[in-house]
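Residue numbers (numbering that gives the first Met the number 0), protein chains in the order written: chain A, 0 to 465; chain B, 0 to 279.
All residues carry an ideal CB built from backbone N, CA and C; glycine is no exception.
Just so we're clear, the structure is a prediction, and the values are computed from it rather than from any experiment.
Worksheet for the structure shown next.
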Amino acid sequence: MAKKKNFAAKLASPFIGLGNFFKNIYKIFQHGTIWTKLSFLILGISNLVHKQVLKGLLFLATEILFILFMLSNGIDALIGLVTLGTKTQGWVFDEDLGIDVLENGDNSMLMLIYGIGTILIIAIFIKILIANIKSANKLQKTLESGSPILTLKHEASELLDRKFHITLLSLPVLGVLLFTILPLIFMILIAFTNYDSAHQPPGNLFDWVGVKNFFEMFSFSNKLGKTFTPVLVWTFTWAILATASTYICGIILALMINKKGIKFKGLWRTIFVLTIAIPQFISLLIMRNMFSKIGPINQALSPLLGQQIPFLEDANIARIVILCINLWVGIPYTMLITSGILMNIPKDIYESAKIDGASSFVTFFKITLPYIMFVTAPYLITQFIGNINNFNIIYLLIDGGPPTSDYYYAGKTDLLITWLYRLTVNQKDYNIASTIGICVFLISVVLSLMAYKRTSSYEKEGDFAC
Amino acid sequence: MKSMKIREKVSNSLIHLVLTIMSILWLIPIIWVILTSLRIEKGSFVKNFLPESLTFDNYIKLFTDTFFPQWFSNTFFVACCSCVLTVIISLGVAYVISRMRFKMRKPFMNIALILGMFPGFMSMIAIYYVLKSMGLTQSLLALIIVYSSGAGLQFYIAKGFFDTIPKSIDEAAKLDGATNAQIFYKIILPLSKPILIYSALTAFTAPWMDFIFAKVIMGTKNENFTVAVGLFEMLDKEHIDVQFTQFAAGSVCIAIPITIIFILLQRFYVEGVTGGAVKS
């Protein structure tokens with residue numbers, strides 16, 4: 000019961016926080032001097048009056064720039080975000096010239112990007128507005144208490160100490176905002192439009208369609224739904240088998256190398272580590288060549304078998320071959336990680352177990368295995384998520400093939416992620432690609448919540464979202 | 000007692016045998032690339048595992064006929080820049096999150112977690128258009144920006160490492176009048192060599208391996224390719240018959256430095272992945 004209450008409290012906490020925030024702002028207004036109250040409207044006026052000229056001017060300048068931007072572009076951009084364009088590009092008869100001329104229409108995609116950009120700019124302005132109000136309030140408090148006003152130099156030096164986080168975080172946050180969050184919002188919104196190969200700007204407009212894409216994806220009647228389900232099932236089958244096989248085999252390999260009495264431990268380890276170090280696009284493309292119908296493996300085997308084996312051409316054989324090649328790629332990783340763990344197990348545990356008469360069989364299952372499992376549990380879950388998104392193996396080795404006409408532009412070995420890639424790059428069905436992306440995201444979220452609950456660093460930090 | 004020893008010996012020699020067979024299996028593709036890069040016959044599909052005779056022609060052609068030297072220096076430049084930027088950004092963010100307490104700290108951590116779970120390719124096209132609106136597409140600068148802009152979200156591993164450094168050290172420094180900035184670069188950074196090397200290693204190798212974003216951003220501008228894109232394009236259906244052996248030569252050329260870096264620094268890699276839980 001206690002847990003449930005905890006959860007409800009967590010859900011409510013952001014709203015309570017927001018309520019408190021508005022209360023505080025209102026209080027500042029209520030108790031403010033005329034200058035503080037004025038700075039709600041005219042940014043930086045309080046700073047200007049109280050000799051913080053540069054800071055005040057900066058605040059004022061942002062306000063003026065913001066208003067100019069909103070009047071010139073911002074409002075149009077917001078309207079464009081709703082309509083996504085009304086005028087299609089087309090041929091219009093020009094009476095002066097007496098011929099048809101191409102007239103530019105609206106570009107839905109640019110309108111979407113500008114609209115999101117405008118919303119981000121508004122959010123940043125609100126943030127600055129609040130900073131300005133707080134600054135005015137602080138000035139008022141300092142004046143009331145009679146202490147001297149901080150000089151600009153002093154405030155700047157604060158940026159290296161008490162406010163060091165602002166210095167270090169502003170550039171990364173800007174980068175993330177521009178190149179992660181803005182594109183992501185754009186693509187999430189695309190999932191709710193009909194931006195596919197038939198609606199490509201600037202020639203055509205696309206428009207909001209609500210959750211139609213999701214309905215089509217999860218219905219079993221049309222081609223899209225008939226592709227999504229098998230691809231999803233294969234993605235999970237692949238992720239489970241690939242993770243389990245490399246994990247188990249990797250641990251066995253590490254145990255073999257680290258066993259007492261085995262010679263050349265360093266040599267074995269280096270050989271396997273070598274394969275991690277080689278870029279995957281090289282090793283996998285080479286494998287593709289080796290396993291192809293007329294590649295060296297078939298050349299060597301065909302005299303024995305009298306026929307060529309369609310390693311990568313037959314769906315079922317291809318799936319097995321991919322899993323085997325994934326062993327080649329994945330075992331060394333697990334070996335590398337678990338080797339370190341094995342060396343880390345305190346030796347005295349084994350000695351006391353030996354004194355108690357435990358056989359090597361028992362010590363393995365009662366000490367070694369639980370220890371490895373405990374340390375690698377988070378690694379295992381991240382590995383699983385990594386395999387759901389394992390683009391390289393499927394794309395480089397087999398390109399999702401063999402292709403099939405039953406699926407909507409997907410092959411028999413395509414994972415969700417490679418299907419997404421093909422729909423984006425080759426097919427330009429951005430709306431469906433985004434819908435798939437959101438599904439992959441939801442799967443990852445559920446799995447990651449499980450993973451991060453188990454990592455020690457997060458346990459120390461307390462619960463998620465508090 | 001004697002039978003135990005014999006059993007031990009038998010099992011050990013069996014393990015040696017298994018390890019030898021596995022090593023051969025793991026090395027075959029590598030040996031095959033090296034042989035192919037020295038192969039005299041052209042073409043991607045050959046009848047024999049061993050080449051008819053050996054030649055250095057493929058390497059010579061790679062450096063004279065293709066843009067490979069240009070690609071190599073492009074990648075090296077991008078890798079160095081994004082490595083420096085990524086290390087500065089990710090360690091700075093990790094320090095702030097680990098050591099300082101401010102209001103946006105928890106939300107920032109949660110947002111970083113959530114953003115990390117979206118598949119990276121999903122926003123590929125949008126990133127392309129953002130870069131295009133800045134007039135940056137087909138330039139190396141765009142690649143540097145793309146590779147290092149996400150660094151602000153990759154602080155978890157370094158944060159885990161910083162958390163293990165006792166807080167009493169900073170508190171003592173603070174009593175002596177050190178600012179947060181001084182604590183960061185005079186105390187924490189010198190203590191964080193493993194994580195510094197791990198971040199630099201992963202950031203430096205990423206541009207050598209990525210062929211997706213680089214391809215989308217560069218389009219058809221041949222001379223601005225990175226090695227990964229360039230080599231990948233060599234395997235195009237049009238070129239594969241002529242350039243496969245050169246592809247192999249190029250692969251060997253970039254695999255060697257990366258392999259050396261990796262083998263020298265693998266200890267730090269393990270520490271990074273396991274979050275410092277393993278110290279070999």
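{"query": "With V77 (chain B) and I168 (chain B) assumed to form a contact (beta carbons below 8 Å), what rounded beta-carbon distance in angstroms separates them?", "result": "Rounded, the Cβ-Cβ distance is 36 Å, inconsistent with contact."}
{"query": "Between which two residues does the alpha helix (DSSP H) harbouring I393 (chain A) extend?", "result": "F390 to L396"}
{"query": "For the stretch 190–218 of chain B, which residues have a beta carbon sitting closer than 7 Å to at least one beta carbon of chain A?", "result": "W207, M208 and F210"}
{"query": "Within 10 angstroms of its Cβ, does H164 (chain A) collect 16 or more other Cβ (buried), or is it exposed?", "result": "buried"}
{"query": "Which residues, taken in chain order from the stretch 413–429 of chain A, show a beta carbon closer than 7 Å to some beta carbon of chain B?", "result": "I416, L419, Y420, T423 and Y429"}
{"query": "Looking only at its own chain, which residues have a Cβ that is under 7 Å from the Cβ of I132 (chain A), when we skip the five neighbours before and after it?", "result": "I24, I27, S38 and F39"}
{"query": "Counting only Cβ pairs nearer than 9 Å, list the residues of chain A close to Y128 (chain B).", "result": "M108, L109, I112, P182 and F185"}
{"query": "With 8 Å as the C-beta to C-beta threshold (strictly closer), list the residues of the stretch 223–246 of chain A near chain B in chain order.", "result": "none"}
{"query": "Can you check DSSP and say which residues form a bridge with G410 (chain A)?", "result": "A:P402"}
{"query": "Would E7 (chain B) pass as an interface residue toward chain A - the criterion being a Cβ-Cβ separation below 9 Å?", "result": "yes"}
{"query": "Measure the C-alpha to C-alpha separation of A197 (chain A) and F191 (chain A) and round it to an integer number of angstroms.", "result": "15 Å"}
{"query": "On the CB-based measure, 16 or more other CB atoms within 10 Å of its CB, does G174 (chain A) come out buried or exposed?", "result": "buried"}
{"query": "Closer than 8 Å, Cβ to any Cβ of chain B: which residues of the stretch 265–282 of chain A, in chain order?", "result": "W267, T269, I270, F271, V272, L273, T274, I275, A276, I277, P278, Q279, F280, I281 and S282"}
{"query": "From A:F185, A:D160 and A:A241, pick the residue whose C-alpha is nearest to that of L109 (chain A); which is it?", "result": "A:F185"}
{"query": "Measuring only the C-alpha atoms, how far is F440 (chain A) from M121 (chain B)?", "result": "10 Å"}
{"query": "Along chain B, which residues have their Cβ under 8 Å away from the Cβ of D160 (chain A)?", "result": "T178, N179 and A180"}
{"query": "Less than 9 Å separating the beta-carbons of L273 (chain A) and S291 (chain A)?", "result": "no"}
{"query": "Taking the C-alpha atoms as reference points, what is the distance between G73 (chain A) and L111 (chain A)?", "result": "12 Å"}
{"query": "Mind reading off the beta-carbon distance from S72 (chain B) to S147 (chain B)? Whole number of angstroms is fine, and I expect it under 8 Å.", "result": "That belief does not hold up - the Cβ atoms of S72 (chain B) and S147 (chain B) are roughly 19 Å apart, past 8 Å."}
{"query": "Report the option in A:T367, A:P182, A:I118 and A:L101 whose CA atom is closest to the CA atom of A352 (chain A).", "result": "A:T367"}
{"query": "If you follow the beta strand (DSSP E) that F468 (chain A) is part of, which residue opens it and which one closes it?", "result": "Because chain A here runs from 0 to 465, residue 468 (chain A) falls outside it and cannot be looked at."}
{"query": "How big is the Cα-Cα spacing for E170 (chain B) and I41 (chain A)?", "result": "42 Å"}
{"query": "Would you please verify whether the beta carbon of A247 (chain B) is less than 9 Å from any beta carbon of chain A?", "result": "yes"}
{"query": "Closest Cβ-Cβ distance between Y268 (chain B) and chain A: below 9 Å?", "result": "yes"}
{"query": "Taking only three categories from DSSP, how would you classify K99 (chain A)?", "result": "Correcting the residue type first, residue 99 (chain A) is Asp in the shown sequence and not Lys. Here D99 (chain A) sits in strand by DSSP."}
{"query": "For E157 (chain A) and H49 (chain A), what's the separation of their Cα atoms in angstroms?", "result": "20 Å"}
{"query": "Judging by CA-CA distance, which residue of A:M334, A:S45, A:T362 and A:C248 is the nearest neighbour of K533 (chain A)?", "result": "This structure cannot settle anything about residue 533 (chain A), because the visible part of chain A is limited to 0 through 465."}
{"query": "Write down the C-beta distance between T63 (chain B) and I39 (chain B) rounded to the nearest angstrom, noting that I regard them as a contact closer than 8 Å.", "result": "That pair is no contact at about 17 Å."}
{"query": "Hey, which unbroken runs of the alpha helix (DSSP H) at 4 residues or more fall wholly within the stretch 124–178 of chain A?", "result": "151–157 and 163–175"}
{"query": "Quick check on this structure: which residue in A:A8, A:T234 and A:N325 has the alpha carbon closest to the alpha carbon of C438 (chain A)?", "result": "A:T234"}
{"query": "Count the other CB atoms within 10 Å of the CB of D209 (chain B); is the residue buried (16 or more) or exposed (fewer)?", "result": "buried"}
{"query": "Could you tell me whether the stretch 240–248 of chain A touches the stretch 171–179 of chain B, using the rule of 3 or more Cβ pairs below 8 Å?", "result": "no"}
{"query": "Give a yes or no on whether the minimum CB-CB distance between L59 (chain A) and chain B is below 9 Å.", "result": "no"}
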